[in-house]
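Before any comments, here is the structure.
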Ligand code: ATP
Ligand code: MG
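In the working numbering, the protein residues as written are 7 to 564.
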């Protein structure tokens with residue numbers, strides 16, 4: 007209910023306004039969008055924005071979204087990426103209507119090219135790519151017509167056919183649209199539509215040795231699928247004129263292109279090319295290293311699809327590029343995890359506490375799994391006369407407002423008893439090795455008749471029942487807000503302290519049965535999830551996010 011209200015209050019973004027207008031005018035009865043990844047890398051947070059936008063719009067306005075792999079460039083694409091892209095979209099909570107490959111349309115695209123030739127709107131050019139570039143002109147000067155521009159339709163059909171049949175080597179011929187070499191939009195100066203590339207393709211094998219350029223594939227694929235709103239990022243604004251020209255001249259279904267600003271996140275980079283460098287040069291352990299901005303990394307780290315969708319929804323979309331604060335994403339993650347995470351006690355840096363008057367040996371106490379969730383249930387935790395608390399929760403000479411443990415002071419042990427520190431044991435070097443305490447038997451949680459009020463509550467584990475685990479604490483992968491725009495190589499700005507591993511922490515025994523799909527709040531420590539590196543010989547937990555936003559720039563940043 008409150009969710010609904012929140013959604014209602016958000017004003018329409020410019021695409022929603024356009025779509026509502028189109029539906030009101032009867033221009034369309036329902037809408038069709040598509041998500042068109044190039045399978046040359048793993049999806050990142052920018053793609054998540056595009057996914058939430060495309061699938062979100064078709065869901066909201068009653069329509070559907072196609073998944074279309076833009077596989078027109080046969081050298082960079084790999085099957086592994088196709089599978090990971092599908093996994094990521096499903097994990098985000100969306101399902102496509104049809105799965106397509108731009109390469110499915112190669113026959114149709116070839117026919118479209120023939121149509122253009124027959125209309126006198128395309129020609130085969132024997133110029134090299136250097137010659138074509140040299141004749142292109144500049145934004146202030148017109149280009150020059152190619153000497154091959156006025157070939158007859160018959161000659162063009164013949165040459166194009168021979169390009170297709172493999173007669174010519176790479177780079178010797180192209181098919182170009184015949185538009186206007188003096189056009190103010192440089193992309194309209196007889197753009198290349200097809201190039202020769204003798205390369206094996208992961209879908210079509212060796213069938214083709216000519217491949218369509220992006221501009222001759224994308225709009226036509228949209229049109230074949232009857233996509234109503236083809237949404238892309240701002241760098242495609244200048245392409246729109248060519249998009250419309252091709253659809254008009256081919257007299258095919260009029261899809262329309264709309265552009266929005268790319269999502270950029272602070273303290274990371276978001277181009278597949280850069281992410282690939284981080285992986286291949288081993289700055290990170292892989293595409294799903296939890297410090298990466300990829301969807302697979304965020305999943306492994308413990309982010310929830312709900313929180314990523316909420317983030318995309320809150321930030322909305324813009325018409326001008328900006329840098330989105332990664333703190334907002336972390337806020338959304340925290341907000342969702344607070345609702346669903348199971349509370350558990352884990353001591354990172356143990357200090358032993360011996361309760362000298364506890365004669366029972368051991369008992370179990372009961373603690374809620376999640377105070378935010380009335381149906382969350384509770385669990386039993388073993389309590390005994392030997393416990394670990396966090397070393398930083400004790401001070402021998404505390405300042406005034408220190409409400410944790412100190413000589414003579416009392417604290418509550420979460421869900422158990424109030425204890426008082428009576429004696430501090432040290433080794434030969436003066437290091438504190440143990441605290442001797444007494445407990446107040448009447449102070450048991452849920453049944454406290456002691457009448458004593460204490461300010462501090464500490465987490466703890468029973469020494470002999472504790473499970474050990476490794477935890478991995480992550481910080482931002484880069485030291486600066488926008489590493490891509492800094493001088494020099496973006497990799498010079500990698501944060502050397504982005505990963506801190508604590509080899510052994512002490513966990514309450516219920517965590518021995520931790521599951522991959524469960525989220526945990528380690529009390530006072532942050533949100534955690536089991537990492538895939540866990541095995542029978544040891545559990546590994548990732549810190550998804552801290553409990554509060556306590557992040558500060560590194561000193562070196564000034
Ligand atoms: P990259 O620059 O990371 O390689 P790309 O644009 O080449 O990204 P594609 O696989 O071609 O990646 O993109 C698939 C879809 O995702 C496109 O519609 C593209 O506009 C969108 N997209 C990619 N990056 C972002 C981003 N940072 N913000 C919003 N949308 C994005
Ligand atoms: Mg691309």
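Beta carbons are placed, not taken as given, at the ideal position from N, Cα and C, and that holds for glycine. Predicted model only: the values in this text are computed from it and were never measured.
Any non-hydrogen atom of the ligand ATP within 8 Å of residue i CB
i	result
residue 53	yes
residue 44	yes
residue 438	no
residue 246	no
residue 109	no
residue 237	yes
residue 491	no
residue 528	no
residue 270	yes
residue 41	yes
residue 206	no
residue 277	yes
residue 261	no
residue 302	no
residue 50	yes
residue 62	no
residue 56	yes
residue 488	no
residue 76	yes
residue 47	yes
From the options, residue whose alpha carbon lies closest to that of residue i
i	options	result
residue 59	340, 42 and 179	42
residue 115	243, 256, 160 and 190	256
residue 123	345, 152, 100 and 158	158
residue 187	198, 466, 179 and 178	198
residue 376	290, 529 and 431	529
residue 74	100, 421 and 104	104
residue 229	259, 245, 254 and 251	259
residue 542	496, 475 and 492	475
residue 473	387, 221, 253 and 219	387
residue 85	65, 132 and 211	211
residue 131	535, 161 and 414	161
residue 431	121, 420 and 412	412
residue 63	50, 26 and 82	26
residue 536	155, 497, 283 and 305	305
residue 455	422, 16 and 36	422
residue 202	37, 505, 181 and 493	181
residue 500	509, 347, 287 and 396	287
residue 166	146, 292, 118 and 20	118
residue 307	409, 534 and 488	534
residue 101	150, 471, 65 and 285	65
residue 67	226, 99, 28 and 78	28
residue 313	344, 290 and 20	344
residue 267	517, 470 and 20	20
Residue i, buried or exposed, once every other Cβ within 10 Å from all chains shown has been counted against 16
i	result
residue 294	buried
residue 2	Any question about residue 2 goes unanswered here, given that the chain covers just 7 to 564.
residue 468	buried
residue 8	Confidence at residue 8 is low in this model, with a pLDDT of 43, below 50, so the placement of that residue is unreliable and no value is reported for it.
residue 206	exposed
residue 555	exposed
residue 297	buried
residue 507	exposed
residue 135	exposed
residue 32	exposed
residue 204	exposed
residue 494	exposed
residue 6	The displayed coordinates of the chain run from 7 to 564. Any statement about residue 6 would go beyond what the structure contains.
residue 372	exposed
residue 169	buried
residue 231	buried
residue 35	exposed
residue 279	exposed
residue 243	exposed
residue 11	No answer about residue 11 holds up, because its pLDDT of 43 lies below 50 and its placement is not dependable.
residue 564	Because residue 564 carries a pLDDT of 31, less than 50, the predicted location of this residue cannot be relied on, and no value is offered for it.
Contact test: residue i Cβ vs the ligand FMN heavy atom, cutoff 8 Å
i	result
residue 331	Judged by which ligands are present, the ligand FMN is missing from the structure shown, whose ligands are the ligand ATP and the ligand MG.
Using a Cβ distance threshold of 8 Å, determine whether the segment 331–341 contacts the segment 85–99, with at least three qualifying pairs required. no
Do the segment 94–112 and the segment 54–70 make contact, defined as three or more Cβ pairs closer than 8 Å? yes
Decide if the segment 440–450 is in contact with the segment 319–334; the criterion is three or more beta carbon pairs, one per stretch, under 8 Å apart. Touching, no, given that fewer than three Cβ pairs across the two stretches are closer than 8 Å.
For the segment 310–329 and the segment 349–356, state whether three or more C-beta atom pairs, one from each stretch, are separated by less than 8 Å. no
Report yes or no: do three or more beta-carbon pairs, one from the segment 231–240 and one from the segment 212–219, lie closer than 8 Å? no
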